[in-house]
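If you're matching them up, the sequences are chains A and B in order.
Residue 36 is where the first sequence starts when you use our numbering, and the numbers rise one by one after that.
Residue -13 is where the second sequence starts when you use our numbering, and the numbers rise one by one after that.
Report on one structure; see the data block that follows.
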Amino acid sequence: MNALKRHRELDAIWASEKGWTGWFSTVNHSDLGRMFLVLAFFYFAVGGILSMLIRAQLATPHSAFAGPEVYNQIFTMHGTIMMFLFAIPAIEGLAVYLIPKLLGTRDLAYPRLTAYGFWCYAFGGAMLLFSLFAGIAPDGGWFMYPPLTGPLHSPGINTDFWLIGITFVEISAICAAVELTVSILKYRAPGMSLDKMPIFAWYILVTALMILTGFPPLILGSVLLELERAFGLPFFQTDLGGDSLLWQHLFWLFGHPEVYIIFLPAAGIVSTVLPVMARTTLLGYGWVVAAIVALAFLSFGLWVHHMFTTGIPSLGVAFFSAASTLVAVPTAVQIFAWIGTLWKGRPDLRLPMLYILGFFLTFVIGGLTGVMVAIVPFDWQVHDTAFITAHLHYVLFGGFVFPLLAGIYYWLPLFSGRQRFFRLGEIAFALVFAGFHGTFLAMHWVGLLGQRRRIHTYDADAGWTAINLFSSVSSFILAIGLAMVLVDVILNLFVAVRGKRNPWNAGTLEWATMAPPPSYNFASLPEISSRDPAHADPGLPNRIAGGEGYLGQPRGTLRETLTVDIASGRPDYVVRYPANTRLPITLAAVTGLFFLSLLVKVYWIVPIALIGVVLLACRWVWGLGQRVDEGPVPVGRGVSLPPAAETAKSPGWWGSVFLLIADATFFGSLIFGYAFLWTIAPGWPPPEWLQPLAPELAAGVGGAVAAAVLMRLTIRRNADGRPARITCLLTLAAMGMLGVAVATMTGRVPAPTGHAYGAALLVVGGYGMLHIALAALMLGFLSVRIAAGYVSVTRKAELHIVRLWVDYAAATGVICLLIAHVPVLLT
Amino acid sequence: MSDVIRILIAPLVWLACFGAIYGLHGLSCSATFEPDLPAGAAIWQLLMILAGGVAVTVQVCLLFALRHRAFASGSGFVNRVSAILAWTSLAATLWTSFPVLLSSSCA
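And the structure:
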């Protein structure tokens, strides 16, 4: 088969539906990556327009441009859109588009999940955008502190849009994080061991793990605050045993890692683009990997530094001040690695390099002001002033937008297959750089002079007028610069002349395929022996196109790729992907109906939407797997590998592991919140405790142990070739016993609207019951699958996936019961 | 997966210890758990110093374990990165536990 015939056959297998209707059914990562990026930059434009409105308002004292109510919505939506609808989705989009190409594979681990995540983002974002245009947008600031955002002080629907809309959008981030983690660990070109992974993949891997552990506390906080607003459960009301400080803990447990979730992928772009621009390799690859991991962990130990002025004890402040200064070290390791890379190379001052230099200057200033605010006495002085706003923008715009623009220009020839012709970009860079520093340097200054953040007006005699005017004029220059970038990119995407492959002479795999890449990415999967395969083997693109790698012979209509052993990169299984489908958009729409019914408080729709989600999820999973044992299939180069369904650790198992890590973080945050209220909140002890009930506890523990044991028995019976359906149903019965125990406990909690104790136990019990119901549903589904012939001695993947969920439900169910019983006994 | 855990384990232990010491501090300052003994405050501070000491000891043990042949990975890269992170985590533990020696205030 020649290269052209192979291309035609593969494209027929992998391509999306033609025309605009294909947007709704595509599961191709390149399409979805582009859709993410376009929508994210649309929101960047919306957020940018809102920032112009803020600066118009603040340009002069006593401005009548916007009243306080409108102004509150503008700055809240500016922050919310930039954080949740631009920065994170832009990273997701870039990673979704690039990661399979960098790793030398054909798609991400779960193509339909990519599509589902995108549509959740699109629908959730539309919900928030609607609130903005309807004049009912959130107005409590992007971090939504109660009691301001509680039912007493913000009774309207504005805050609900934020809590429900953001939770909906965060489904997208969790989906992308699971997807990217599994893809990077398992879906790589054969031979690509951990030390040969492109550095960008390391950054995205760590970022994805951070999303999995950073977002759940915010989701929990949003759920608790919405429960308080909708049903009166007083988690944040001091007089009823709640504490508004709990929100700050939960929010910043998310919020500080969020800064690094945004920064790290951008740093990944710098670490990828800089060596290419300097015509060398990255200095200290291993040190940079260690610095990324260290930075990720340290970022989770900093959250209280946003709370230095809340009156927490001085020892607590000292812990977090120490941790905050420490985080500068791994950041500095990366910066020195970049400087060293420049030093050993021969830098070429092309447009991506200009943005990287802009990043250096801006981010270093932002980092240094970060160290300043880590020092407690200084933070007390500048807290909630424009200095903090300026610092935040130096870190986020400097640390994210500059590298992102460098990345956009660097990968533009790959996106478009064209060479850059129009030269607006250099002028745009000058405007962006000058406009940004004019805007935010001035804001540091006015902050030090005492201007608070989020004020809608100020007196003329405050001495801030000239500085604010200068800042506002500069911000419009910045906006003009960004608009020019947009025009430049659009012109070069659609009008410029065709370019050659790999115009930068880069060494990574995305340049070893066609530009723009075909729907299947690689005609055959290459064997990798170097971190820069395109440099190590200049003939690689031709060999890939010629089908000399793995899976070079298309098989029927199967969309196939390989998974590898995590550490060594040795190929281990063949994966078959599902085809194009409208299931993801339908499921996202029904999920949206669930959130929308909560938002507008039409609660009778909620169970209908939930049943819809369950049915569609069953439909989603039913299409996977096969009814016959296949055994190893030839994948080329004389190698045969078994299909992924014939392993215990299938892609679904890996996805479940990482999803459960996020779930466990949510549960851990819930336990933290309960313990925090118990020990710190005033208004405790509650007027009434839950009475311990030994039979309830015994039944629950017995059911959990029985479920775990019976599930293992099911797996063993299947492995021995004996019928497994009966033990599967017995596992379901044991899970039911645990469910009854947890439900009884939940039904007995003291009045949940009367005190935070009862409210917290209600949520703990609800969490336990939800997971028991989920495990029961899976067990029921599994018994049907066994009866339908989808499980055999060889095809055992589904058993092991269900075992994970059964174990998790059993463990959390028991913990829920212990949480309710043990502290009362101790008290 | 074991190689990924080898890379992540030392900073993960740092984070767990940091959280535990901060939690212990929260308990020491909470009204619910305020000890009736006159030397209650001193006991809590002693506990926190002890917790800091345990955290440092655990990190030192981890450092030795990760460098020991019995626990080594087949990948030199993984060994190198996990060693760097073990040293980093030890330094982080020392640095972030240091305040327990200097301050005992719940004010």
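Each residue gets a CB set at the ideal place from its N, CA and C atoms; glycine is no exception.
None of the residues of the segment 23 to 54 of chain B has a beta carbon lying less than 7 Å from any beta carbon of chain A. Looking from the CA of G226/A, the closest CA among V311/A, A602/A, E583/A and H341/A belongs to A602/A.
The residues Y608 and A832, in chain order, have a CB closer than 7 Å to that of T682/A in the same chain once the five nearest residues on each side in sequence are set aside. Taking 7 Å as the Cβ-Cβ cut-off, the segment 335 to 349 of chain A approaches chain B at F335, G336, P348 and S349, given in chain order. Unbroken beta strand (DSSP E) stretches of 3 residues or longer found wholly inside the segment 670 to 722 of chain A: 674 to 676, given in chain order. In this structure, L72/A and L129/A form a Cβ contact; the two beta carbons are roughly 7 Å apart against a cut-off of 8 Å.
Per DSSP, the beta bridge partners of L597/A are V609/A.
If you draw a 10 Å sphere on the C-beta of F529/A, you find fewer than 16 other C-beta atoms in it, and that means exposed. For a Cβ distance threshold of 8 Å, residue set F4, I7, Y8, H11, T82 and P85 of chain B lies close to F354/A, ordered along the chain. I254/A places its beta carbon less than 7 Å from that of E205/A. Contact between V62/A and T140/A is absent: CB atoms are separated by about 15 Å, not below the 8 Å threshold. Residue-level contact by beta carbon fails for L76/B and chain A, as no gap is shorter than 7 Å. The segment 828 to 843 of chain A and the segment 748 to 763 of chain A touch, with three or more beta-carbon pairs separated by less than 8 Å. Using a Cβ distance threshold of 7 Å, L247/A and A302/A do not count as a contacting pair. Around the C-beta of V635/A, fewer than 16 other C-beta atoms lie within 10 Å, and the residue is accordingly described as exposed. When secondary structure is reduced to three states using DSSP, L560/A falls in the strand class. Listed along the chain, the chain B residues whose CB falls inside 9 Å of the CB of W688/A amount to none; the nearest CB is some 11 Å away. With three or more CB-CB distances shorter than 8 Å, the segment 558 to 570 of chain A counts as touching the segment 229 to 238 of chain A. Not a single CB atom of chain B sits nearer than 7 Å to the CB of T847/A. W689/A and V217/A have their C-alpha atoms spaced approximately 6 Å apart. CA-CA distance, L695/A to G604/A, rounds to 25 Å. Within the same chain, Cβ atoms closer than 8 Å to the Cβ of A822/A are found at R760, the five residues on either side in sequence being excluded.
Exclusion of the five residues before and after G708/A leaves L281 as the residues of its chain whose Cβ lies within less than 6 Å of its Cβ. Look at the beta carbons and you see the segment 853 to 861 of chain A not touching the segment 51 to 60 of chain B: under three pairs across the two are nearer than 8 Å. Between C763/A and D698/A, the alpha-carbon positions lie close to 24 Å from each other. Nearest CB-CB separation between I850/A and chain B: not below the 7 Å threshold. Neighbours of V324/A in chain B, taken as residues at a C-beta separation under 7 Å, are given in chain order as V67.
For L483/A, no Cβ of chain B is located within less than 7 Å of the residue's own Cβ. When beta bridges are read from the DSSP output, Y792/A appears opposite no residue. Nearest neighbour of M70/A by Cα position, chosen from R41/A, S86/A, V81/A and F121/A, turns out to be F121/A. In this structure N37/A is exposed. Its beta-carbon is surrounded by fewer than 16 other beta-carbon atoms within 10 angstroms. Inter-residue distance for V411/A and L628/A is about 46 Å (C-alpha atoms, whole angstroms). Taking CB atoms only, V328/A has a neighbour in chain B less than 7 Å away. In chain A, no part has a C-beta under 8 Å from the C-beta of I(-9)/B; the shortest such distance is about 10 Å. At a cut-off of 7 Å, the C-beta of I70/B has a neighbouring C-beta in chain A. Note on geometry: alpha-carbon atoms of Q108/A and T307/A lie some 38 Å from one another.
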